[in-house]
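This report concerns only the one structure given below.
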Amino acid sequence: MDYPHKEAVVCGHRRLSYEDMEEASARLAYFLISLGVSRGDRIGIFSNKSIEEIIAIFAVLKTGGIFVHINPQYRESQLSHVISDCNLKILFIDNIKAKILEKAYTEKVPVDIIISLSPEINLSWRSFKKIYYLDDILKESTPDKIPCSNPGENDTASIIYTSGSTGMPKGIIVTHSIFYDSTVASVSVLENNFNDRLISVTPFSFDGALSQLFTSFFSGATLVLQQSNLPGDIVRTLLSESITGFHAVPSLWIMLLQKYSPFAKHSYPNLRYISTIGEVFPENYLIKLKHILKETKFYMMYGTTEAFRSTYLPPEDFERKRPSVGRPFPGVEILIVDEEGNICGPGETGEIVHRGRFVSPGYWNNREKTVGTFKGNAVYTGDSGKVDDEGYLYFLGRKDGMIKTSGYRVSPEEIEECIYQIEDIKEVVVTGIPDKETGSKIKAVAVCTNGTVLAPVDIINHCKDRLPYYMVPRIVEFREKLPRTATNKINRSAV
Amino acid sequence: MTIKEEVERYILELTNQPGLDPSTNLFENGLLTSLDFLDLISFIEETFSVTVTEDDIGMKYLGSVNNIVNLVQKLRQNNRS
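Shown next, in the form of structure tokens:
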């Protein structure tokens, strides 16, 4: 097998071999080191899906630095929070995301060094240390020997940001050993090999997409980057690139099964497996999907970013055990605990706790939240579930007020904070309404200040300008007052 | 209203972004997402009395104002033939 010349990554008409990828990431790593990047430095990546961001990820890892892939759906306030929370030394950015960066910082430049992943970029700050261009960096000659930092297995490789139950997103520390061990485990379960051609649909700010990137490279497979999530475009890629493996959250599968999607009218003889994680998968849609993909192996999975990979359901158990998300990966223990912390028996619902391998050391720069979620080498996930008498896990949704929508964990408080910025809003509460397609539709119930009248579109547009799309309320209702509990708190469940 | 004016009016309502370049990729720039495409299809079918097919659901026909205008023109042409 001629690995050096094998396609490592495909994006549209562009194809990069393993040899080219190695050379590009090595050159970039050398350049980063020449700028003074050293072990533990945080380097941000804020870009739409591209080959260039993968070069950046591997280059940062080669330097011993920590890559922080920022959700491309983030708007100005989430972006500026991440930049300051982890104190980025360098930011890789493309020309489209540059517009968000510019809006976030109209005067002050947030990071000393910007590296553009696009050939041209529009940033109009009057004074900044320097903007470099990846194109120029890759044309430079590389010395024969690249200094290699050899990070320790417990060193931080990445920080992945996710919404918390209050306030701004929190950064989850992911070590080199978590990435390596979970990659080896995933490759073993999914039987990834050099013949695989995997489609990558979610941003690399999702742990699932990163896991797929590393399993693809580990196996010598080909990773096909999917930039458009419109169903017609996804189907065209599945067919033209002979995709063998497809990992997506349930709401993406459900979108592929909707009217106007050509997914059901084709067959996919090359599609060896699909995997799914992150949300409850409504059974009727799961059955519909299996009917279209009769010969394809289905791997149902469960995991949280805090503990990377928890369980998987082997395809041979799919018919017998669905909608279970399976049994723990080797080295992982799954417990169900009640409100008092006692371990529940089979069939009893409680909080899912993951103990053992793949557990993050904690949240970056947030000791308080770390202590709440991480206890010893266990993660209290905040998810609700139960196990059956054979030890198979069933994922039932969030235990706390967090909303799961389109595969994202969303904080109602964060959305409320945003809506409270509207002057005429007196009170607001945000909830999730169960929705078959996305998991939950965001609903805002608001009370205006005396004498003012607002329309739903006022709240929706305000949120669209400030929040990632999946956090924008789809339903807005106005009331005279909100229901309250005995202690005069807003009664969320009564809304 | 011309086809382009109708489409621009609808996109303005959906995105709240005045003065948008008609060639701007709406999805790449986060102005529209895959959650919006069903609404977009309904708008196209109802406003222009055409039928959108599954093969039209892609960036080539929905990605920008210009692309949507081209799609409507293509579908109207199909209707006549």
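As you go down the protein sequences, you meet chains W and Z in turn.
Counted the way numbering that gives the first Met the number 0 counts, the first sequence spans residues 0 to 494.
Counted the way numbering that gives the first Met the number 0 counts, the second sequence spans residues 0 to 80.
Glycine included, C-beta positions come from ideal geometry on N, C-alpha and C.
Treat the numbers as computed from the prediction; the structure is a model and nothing was measured.
In this structure, the straight-line span from the alpha carbon of GLY344/W to that of THR484/W is close to 32 Å.
At least one C-beta of chain Z is nearer than 8 Å to the C-beta of ILE95/W. Residues of the stretch 13-29 of chain Z with a C-beta atom less than 7 Å from some C-beta of chain W are ASN15, PHE26, GLU27, ASN28 and GLY29, listed in chain order.
Secondary structure note for LEU27/W: its alpha helix (DSSP H) is the uninterrupted segment 17-33. Fully contained in the stretch 347-388 of chain W are the following alpha helix (DSSP H) runs of length 4 or more, in chain order: 366-372. Assigned with DSSP and collapsed to three states, VAL71/Z falls in helix. The distance from the Cβ of ASP84/W to that of TRP363/W is about 7 Å, consistent with a contact at the 8 Å cut-off. Around the beta carbon of SER410/W, a 10 Å sphere encloses 16 or more other beta carbons of the protein chains shown; the residue is thus reported as buried.
Going by beta carbons, LEU229/W and SER41/Z fall outside the 8 Å limit.
Assignment of beta-bridge partners to ARG79/Z by DSSP yields no partner.
In this structure, the CA atom of ASP19/W is about 12 Å from the CA atom of GLU51/W.
Out of LEU255/W, THR221/W and ASP206/W, the CA that lies nearest to the CA of SER227/W is found in LEU255/W. Taking the C-beta atoms as reference points, VAL336/W is found nearer than 8 Å to GLY349/W. The beta carbon of GLU53/Z sits closer than 8 Å to some beta carbon of chain W. At a beta-carbon threshold of 7 Å, the residues of chain W lying near THR32/Z are TYR468, ordered along the chain.
Residue pairing by DSSP places HIS246/W opposite SER274/W in a beta bridge. For ILE114/W, there is no enclosing alpha helix (DSSP H); the residue is found in the beta strand (DSSP E) stretching over 112-115. Taking a cut-off of 8 Å on C-beta distances, the stretch 157-172 of chain W touches the stretch 200-209 of chain W, as three or more cross pairs fall below it. Taking a contact as a CB-CB distance under 8 Å, the pair VAL59/W and LEU31/W counts as one, their CB atoms being some 7 Å apart. Under the DSSP assignment, CYS417/W falls in the alpha helix (DSSP H) whose first and last residues are 411-418. Chain-order list of chain W residues neighbouring PHE36/Z: LEU229, by C-beta distance under 7 Å.
Per DSSP, reduced to three states, the secondary structure at THR14/Z is helical. Annotation: the continuous alpha helix (DSSP H) that includes MET58/Z extends over 58-61.
The closest CA to that of THR275/W, considering only ARG74/W, PHE217/W, GLY438/W and VAL324/W, is found on VAL324/W. Excluding sequence positions up to five before and after ASP316/W, its CB lies within less than 8 Å of the CB of SER323, GLY325 and TYR391, all in the same chain and listed in chain order.
For the alpha helix (DSSP H) assignment, the uninterrupted runs of no fewer than 4 residues enclosed by the stretch 26-78 of chain W are, from N- to C-terminal side, 50-62. If you ignore the 5 residues before and after PHE36/Z, its C-beta comes within less than 8 Å of the C-beta of ILE56 and LEU61, all in its own chain and listed in chain order. A Cβ-Cβ separation of about 5 Å places ASP399/W in contact with GLY381/W under the 8 Å criterion. The Cβ atoms of LYS440/W and ARG478/W lie no closer than 8 Å to each other. Between the alpha carbons of ALA220/W and ARG196/W lies a distance of about 6 Å. Only buried fits GLY163/W, as 16 or more other CB atoms lie within 10 angstroms of its CB. GLU426/W and GLY29/Z have their C-alpha atoms spaced approximately 29 Å apart. Beta-bridge partners assigned by DSSP to TYR298/W: SER274/W. Nearest in C-alpha terms to VAL188/W, of all of CYS417/W, SER309/W, SER49/W and CYS447/W, is SER309/W. When C-alpha distances from PRO168/W are compared across THR214/W, SER79/W and ARG354/W, the shortest belongs to SER79/W.
Rounded to the nearest whole angstrom, the C-alpha separation of GLY396/W and PRO71/W is 25 Å.
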